[in-house]
Structures are given as C-alpha cells and as structure tokens.
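The UniProt record's numbering puts the last residue of the sequence shown at 111; the count rises by one with no breaks.
Right, one structure below, let's go through it.
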Amino acid sequence: MEHGLLFITHLLDWIFSHPDEINSDDFTPALSATPANAPTVSEPTFSDGPPVYELAAFISHMGTSTNVGHYVCHIKRDGRWVIYNDEKVAVSENPPFELGYLYLYRRSSRN
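Quick look at the structure:
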C-alpha cells in the first residue's frame, strides 16, 4: 500500500506541475493551507458567467484490493481520455469513471 501512496504523490506532483499538459488554458491549481484562525474571506465573484466545471482527470486503482494492483491516471486531452499506466500511455476507449479514487476538475469556458 505504501508503494501506491508514493505513486499517487508523484502523480499528483506531476499533474499540478504540468497544467498545460492536460489541455487547459486557464488551469491553475491553488494549493494553500489556511490556518484555523485566519479571517474568513468571501467567495470570489466571476463576471464571465456561472462557475461550471468539467472533469479533467481522475486516478483509479487496478487490482483486486488496495494491497494488490496499482494506481493509474486518466487525463482528458484534446477531447479524448488518455490512460497513464506506468510507462504505457494510450487512448482509453472506456474510462472507468465509477472506479475513481480522486477526481480533478477545471473551470469550463462553456456555460
């Protein structure tokens, strides 16, 4: 299981350090920790329409249990889903959306 967690850590590091690789012009991950005593901040307002999000990537597990198998990542690129499975990268014809452990969304330019 420790190997799987290490893989997820490296995978998330790659995803957040390569936003242009996942076909997004305005994707900027905001990773910050807010202290418990920080003043509350009102939600930002957007002047370009309602906030609509679309699924950009998800991480799923391939195996019979969390102790057997490994994690893979699906990323939507140019309108198609691509699976990243260790060194193998291929178009995914039927992505297993229902098996995701972690889902990553980006704000859509479509309303």
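For glycine and all other residues, C-beta sits at the position ideal for the given N, C-alpha and C.
Every value quoted in this text rests on a predicted model; they were computed, and no experiment measured them.
Leaving out five residues before and five after residue i in sequence, what residues of the same chain have Cβ atoms less than 8 Å from its Cβ?
| i | result |
| --- | --- |
| residue 63 | 69, 70 |
| residue 89 | 82, 83 |
Using CA coordinates, which residue listed in the options is at the minimum distance from residue i?
| i | options | result |
| --- | --- | --- |
| residue 56 | 89, 78, 8 | 78 |
| residue 10 | 67, 86, 65 | 86 |
| residue 15 | 73, 95, 93 | 73 |
When you compare the CB positions of residue i and residue j, do they come within less than 7 Å of one another, or not?
| i | j | result |
| --- | --- | --- |
| residue 59 | residue 101 | yes |
| residue 103 | residue 53 | no |
| residue 80 | residue 91 | yes |
Which same chain residues, not among the five before or five after residue i, have their C-beta less than 7 Å away from its C-beta?
| i | result |
| --- | --- |
| residue 8 | 59, 71 |
Taking all protein chains shown into account, do 16 or more other C-beta atoms lie within 10 angstroms of the C-beta of residue i, making it buried, or fewer, making it exposed?
| i | result |
| --- | --- |
| residue 50 | exposed |
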